[in-house]
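> Which chain is which? The protein sequence lines are B, P and G, in order.
Here the numbering used here is used: position 44 in the first sequence is 798, and no number is missing along the way.
Here the numbering used here is used: position 402 in the second sequence is 454, and no number is missing along the way.
Here the numbering used here is used: position 108 in the third sequence is 144, and no number is missing along the way.
Attaching a single structure in structure tokens format; questions to follow.
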Amino acid sequence: MSGVPASAFLSLALILFCIGLYGALTKRNTVIVLVSIELMLNAVNINLVTFSKYGMMPNITGQVFALFAMSVAAAEAAVGLAILFALYRNKKSVNIDEMDAMKN
Amino acid sequence: MENAWIIPLFPLLSFLFLLLFGKRFKESSAYVGMLLTFASLVYSLLVLFERFSSPTYKQEGVWLTIGDVQLTAGFEVNQLNALMLVIVSLVSFLVHTYSKGYMHGEERFPVFYAYLGLFTFAMLGLVLSPNLLQTYFFWELVGVGSFLLIGFYFYKDEAKAAAKKAFIMTRIGDVGLLIGMILLFWQVGSFEYDAIFAAVAAGEVAQGMITLTAILIFIGAVGKSGQFPLHTWLPDAMEGPTPVSALIHAATMVAAGVYLVAALFPLFTASDVALTTIAVIGAITAIFAASIGLVQTDIKRVLAYSTVSQLGYMMLALGSAGYVAGVFHLMTHAFFKALLFLAAGSVIHAVHTQNIEEMGGLWKKLRVTGPLFLIGTLAISGVPLFSGFFSKDEILIAAWEGGHPILFLLAVIAAFFTAFYMFRLFFMVFTGKSRSEMKNVHESPSLMTLPMIVLAVLAVVSGYVNTPWFGTFLGDWLVEGNEALGHGHVEGPAWIMIVATVVSLAGIYLSWLIYGKKSLSRNWLGAQTLYKVLYNKYYIDEFYSMTIVKVTKGFSHFLRYIDTYLVEGIVLGVTAFVQTLGRLGAKLQTGQVQTYSAVAFIGLAILMVIFALTGGYL
Amino acid sequence: MMSGEFIAFMGIALVAVIGGVLLLNLSNVMHMMVALVFTFVSIAGIYVLLSAEFVAAVQILIYAGAITIIMLFGIMLTRHEDTSEAPGSSWRKFAVFLGVLGFAAVLYFGIYNLDLPQMENTLHEKNTMQIGEALYSKFVIPFELTSVLLLVALIGSIMLAKKDDEKEGDKE
């Protein structure tokens, strides 16, 4: 019923995940880092939904999982931004390399 | 006798006690030392008397088991050990008593007594040792004790240098002893004296090896007993307090060397070469040191050279197979040399100088010290009826019977020299005009004179335990049950005794002519060069510093360069490497979560790649 | 076998990847966010292709809508002019790039060897109803927990943002 193989979806998810990973590890702006993490979560969601359809036992559970992941991602984004604001008030900066409080 | 091991523990107790609580006792710490050494003395005497009637007692316990070799530790009371115990504890006790007066007012008074205790403990332990290893321990401990005591006035540069010199010079000898000891152990498989003697007697050890080990051990004795050519530390050791000199010269340090040779006598007798070496070294030392003693002007240095000379005598006796003669002289010498040193200390105490050129006419002022000093002088000069006469006579006979006419001749000349310089000392100190600056000369307190009187009595009578006239009690007793030690008394031609008497009297007379009556010019030595050579002790020290010290220094400079540039370079390299590593590590700790996660991720990626490439199995 | 479905997938995937690459390479933060919206929307398309219509709708609502807007707020409320990259971090970028490349290669190796049998499924029939039934029957406890989580996140965010306000107010 489908002409698109599962590996194509998985590869796309992999590419997006890698982009998100690279961004999360190299970008200086903390907002962009958060966004990159959202991208990685999205890539994971694609995987979940793909396996929900093409897995050994096609099941709706994968999609439900993706929904849960989204809600958690939304909560994470909200809290992450709140922390970012708190940091910004203290540091007057959103540059991630100036957040080195763990060093001292 | 079963409890003889307790004897050395008394001085050790004194040492520890004074080390811990000495400050609180101040000068009364002398009583602690005196009491404990007196206990040693009493016990030693008991052991000695018990030894007269009972055989040698020996007790040992296993100390270490290495493979199938057992090292033992224990103690042994044979004739020599019992005799030495009494000599050491007696002299030590008298020195303890004497020091109470002599060291009065000294700030580190308790420390001095603590050191004395350590020194006495070491020597008593040494003479009780039944095996070479134990002997070696105490041998080194004696070295430590002498180092501490010679350097007691450590704020004086000379004392510091002398202490170091004594330590290093004896150390050279100790290396010989150590090597000899290890060789013996290798050959015999035991450090036990008895086992060694048995192996030697049974011919289990090659003749060459016996000679080698005997000479190596003798080198140890040379260092400790101040024999030529390692004698130079002994006169320098005069920088220590005078009671220490008495202790070192009479009972402990230098006696250790002679004791070692005597204790290992059966080993030495197994090798003619070794015996001859000992005899020759002894004779050379005797005449050599005596000739230096002729011109020294420091009262203690004269006595020091006389000690070196007398030790040479003992070695000569031992080397000529005269075991009894050597030990006998060791005993008599201990008494009269201790007496002489204590008397000299009393003189120094009175006039506050050690230069005999500045003394004179002290006979009337030092009513007690003077006669006592005279007794000591007569004894060491070998005047008949004094103890030195009998023991020296024994040595001369031994040398004659030993078949070394040249050595005998040297010994006779040395005896002449001894008589001469000892009376030179006596005349210059006690007779003649008294110097003006010696106004407030006073006799020493009775605390100091009493020990001297005891020693003076012994210096007179101790000779009578072994005489050709009244029986040779000591000699017979010493060799009892041990054929390896030779005969108790060797009958010699009667003319030897006459020669000895004549020679010593001639020396005294000549000395009186020059220094007493002053009818002969003091520049009797005529040739100034000879005088200079003697005064500078044959330039031995200079010779050493020109050759051995220079070479050693050069070598050590070379080693220092290696140390500075190679060793230190490596060390610095290592530290630099570690520091760089640390700095890099610290740099990683930026506190930035992003960096941390980046590093963690890269690590994960590398692991994954390796995992994939190797198919999952590393 | 270029079915229409495959063409659609290729187009959507291309848009998603281009959006991601632009996210990495643009210098202006606002432009990055716009590029990201493209990616999120195309992911929703992917979900449609995977017969998950409800998830696609939620994706657009939450990601393209809510999260992007929140992030935009975050950017606007903070100083966003500073876009320059820190000097000296290029070696790290390179190292991370290599790491990501290796990671991707390994994973792709795994994906390439994956051989899943095609199963008949009925996900596309009344998709939303299926999800609803699953959520309210089988996953009701996680569902309720999620609501608690969201509440906690809400309160937490407010507290985090508010606490410092009061402190600063005290200082001033």
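Note that beta-carbon positions come from the ideal geometry of N, C-alpha and C, so glycine has one too.
All values derive from a computational prediction rather than experimental measurement.
Quick one: give me the first and last residue of the beta strand (DSSP E) that P/Leu-116 is part of.
That run of the beta strand (DSSP E) goes 109-118.
> What residue range does the alpha helix (DSSP H) around P/Leu-414 cover?
P/Leu-414 -> no alpha helix (DSSP H), and no H or E assigned at all.
> Does P/Phe-653 get closer than 8 angstroms to chain B when you measure Cβ to Cβ?
yes
> Examine the Cβ distances between the region 56-67 of chain P and the region 171-190 of chain P and report whether three or more of them are shorter than 8 angstroms.
Cβ pair count under 8 angstroms is three or more, so yes.
> What's the C-alpha gap between B/Ile-786 and P/Leu-656?
23 angstroms
> Let me know the secondary structure DSSP gives P/Val-129 once reduced to three states.
strand
> Suppose contacts are defined by Cβ-Cβ distances below 8 angstroms. Is P/Leu-68 in contact with P/Gly-85 by that definition?
no
> So for P/Gln-348, helix, strand or coil by DSSP?
coil
> Please check the pair P/Ile-300 and P/Ala-289, which I expect to be a contact at CB under 8 angstroms, by giving their CB distance rounded to whole angstroms.
6 angstroms
> Would P/Ile-330 and P/Met-367 be called neighbours here (beta carbons separated by less than 8 angstroms)?
yes
> Label G/Gln-95 either buried or exposed according to how many other C-beta atoms from any shown protein chain fall within 10 Å of its C-beta, with 16 as the threshold for buried.
buried
> Give the residues of chain P in contact with B/Ile-800, contact being defined as C-beta atoms less than 8 angstroms apart.
Neighbours of B/Ile-800 on chain P: none; closest Cβ ~21 angstroms, over 8 angstroms.
> Measure from the C-beta of B/Met-794 to each C-beta in chain P and report whether the shortest distance is under 8 angstroms.
no
> Would you mind stating whether B/Thr-804 and B/Phe-771 have Cβ atoms separated by less than 8 angstroms?
Contact: no.
> Tell me whether B/Phe-771 sits in a helix, a strand or coil according to DSSP, three-state version.
helix
> Does any C-beta atom of chain G lie closer than 8 angstroms to the C-beta of B/Lys-859?
With chain B represented from 755 up to 858, any question about residue 859 of chain B goes unanswered, as that position is not in the structure.
> Curious, which full-length beta strand (DSSP E) runs of at least 3 residues does the region 283-330 of chain P contain?
none
> Alpha carbon to alpha carbon, how far is P/Ala-258 from P/Thr-265?
Across the structure, P/Ala-258 and P/Thr-265 are spaced so that their CA atoms are roughly 11 angstroms apart.
> Using a Cβ-Cβ distance under 8 angstroms, would G/Val-57 count as near chain B?
G/Val-57 counts as touching chain B.
> What are the uninterrupted segments assigned as alpha helix (DSSP H) that are 4 or more residues long and contained completely in the region 154-200 of chain G, given in chain order?
DSSP runs (the alpha helix (DSSP H)) wholly in the region 154-200 of chain G: 163-173.
> Is there a Cβ from chain B that is less than 8 angstroms from the Cβ of G/Glu-208?
The pLDDT assigned to G/Glu-208 is 36, lower than 50, so where the model puts this residue is not dependable; a value taken from the coordinates is nonetheless given after this. By the rule that beta-carbons nearer than 8 angstroms mark a contact, G/Glu-208 does not touch chain B.
> Extract the residue ranges of the alpha helix (DSSP H) inside the region 807-855 of chain B, only unbroken runs of 4 or more that lie entirely within it.
If you keep only unbroken alpha helix (DSSP H) runs of at least 4 residues inside the region 807-855 of chain B, you get 815-845.
> Take the Cβ of P/Asn-183 as the centre, count every other Cβ of all protein chains shown within 10 Å, and call the residue buried at 16 or more, exposed below.
buried
> Within 8 angstroms of any Cβ in chain G, is that where the Cβ of P/Val-603 sits?
Chain G, which has no Cβ nearer than 8 angstroms to the Cβ of P/Val-603, makes this no.
> State the beta-bridge partners of P/Thr-124 as determined by DSSP.
BP columns for P/Thr-124 point to P/Val-114.
> Rounding to the nearest angstrom, what Cα-Cα distance links P/Ala-134 and P/Phe-127 in this structure?
11 angstroms
> Quick one, which of B/Phe-819, B/Asn-783, B/Met-810, B/Leu-779 has its alpha-carbon nearest B/Asn-796's?
B/Phe-819
> How long is the line joining the alpha carbons of G/Ile-54 and G/Val-73, rounded to whole angstroms?
The alpha-carbon atoms of G/Ile-54 and G/Val-73 are separated by roughly 11 angstroms.
> When the cut-off is 8 angstroms and only beta carbons count, does G/Phe-145 lie next to chain P?
yes
> Taking the Cβ atom as the reference point for each residue, do P/Ser-439 and P/Ala-451 lie within a distance shorter than 8 angstroms?
Taking the C-beta atoms as reference points, P/Ala-451 is found no nearer than 8 angstroms to P/Ser-439.
> Going by beta-carbon coordinates alone, are P/Ser-608 and P/Ala-467 separated by less than 8 angstroms?
no
> B/Lys-781: buried (16+ other C-beta within 10 angstroms of its C-beta) or exposed?
Flag for B/Lys-781 reads buried.
> In chain B, which residues lie with their C-beta within 8 angstroms of the C-beta of P/Gln-631?
Chain-ordered listing is empty here: chain B has no CB closer than 8 angstroms to the CB of P/Gln-631, the nearest sitting near 20 angstroms.
> Is the separation between the beta-carbon of P/Met-474 and that of P/Ser-433 shorter than 8 angstroms?
yes
> By the 10 Å Cβ neighbour count, where 16 or more other Cβ atoms means buried, how is B/Gly-816 classified, buried or exposed?
buried
> Reducing DSSP to helix, strand and coil, say where G/Asn-149 ends up.
coil
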